[in-house]
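Encoded as structure tokens, the structure appears first; notes follow it.
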Amino acid sequence: MEATVSAIIKELKLNDEQITNIYNYGSWVYGTNHLKSDRDFLFVIKDSRKKYQKRLKFRKDFDYFHSFELH
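Residue numbering for the sequence shown is 433 to 503, as defined by our numbering.
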């Protein structure tokens, strides 16, 4: 998986200072993957264009981070 993430970073021409976090999600995380499953990654990056920056707001009625049991 590390090689895959490195290849994505290279393809997107990102450097370490731009990357805030990388999340792995989807069937591989939930244990529901199969032979043809792809990998799902979410890259959170900084935007150097300050005029476009807005604080992230979460809705109280939505379960963003739910718990689940790994298989």
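Don't be surprised by glycine CBs; every beta carbon is placed ideally from N, CA and C.
Open item on the list: On the DSSP letters alone, give me the boundaries of the alpha helix (DSSP H) that Thr436 sits inside.
Closed with: For the purposes of this step, residue 436 is taken as residue 4 along the sequence shown, with counting starting at 1. Here the alpha helix (DSSP H) through Thr436 covers 434 to 443.
Task: Same chain, Cβ closer than 7 Å to Trp460, five either side skipped, listed in chain order - done: As a working mapping, residue 460 is identified with position 28 in the sequence shown. If we look at Trp460 and ignore the five residues flanking it on each side, its Cβ neighbours are Ser469, Arg471.
Task: C-alpha gap between Ile441 and His466, whole angstroms - done: Along the sequence shown, read from residue 1 onward, the residue named residue 441 stands at position 9. Along the sequence shown, read from residue 1 onward, the residue named residue 466 stands at position 34. Roughly 25 Å between the two C-alpha positions.
Task: Backbone CA spacing between Phe473 and Ile451 [nearest angstrom] - done: For the purposes of this step, residue 473 is identified with residue 41 of the sequence shown, where counting begins at 1. For the purposes of this step, residue 451 is identified with residue 19 of the sequence shown, where counting begins at 1. Their Cα atoms are separated by approximately 13 Å.
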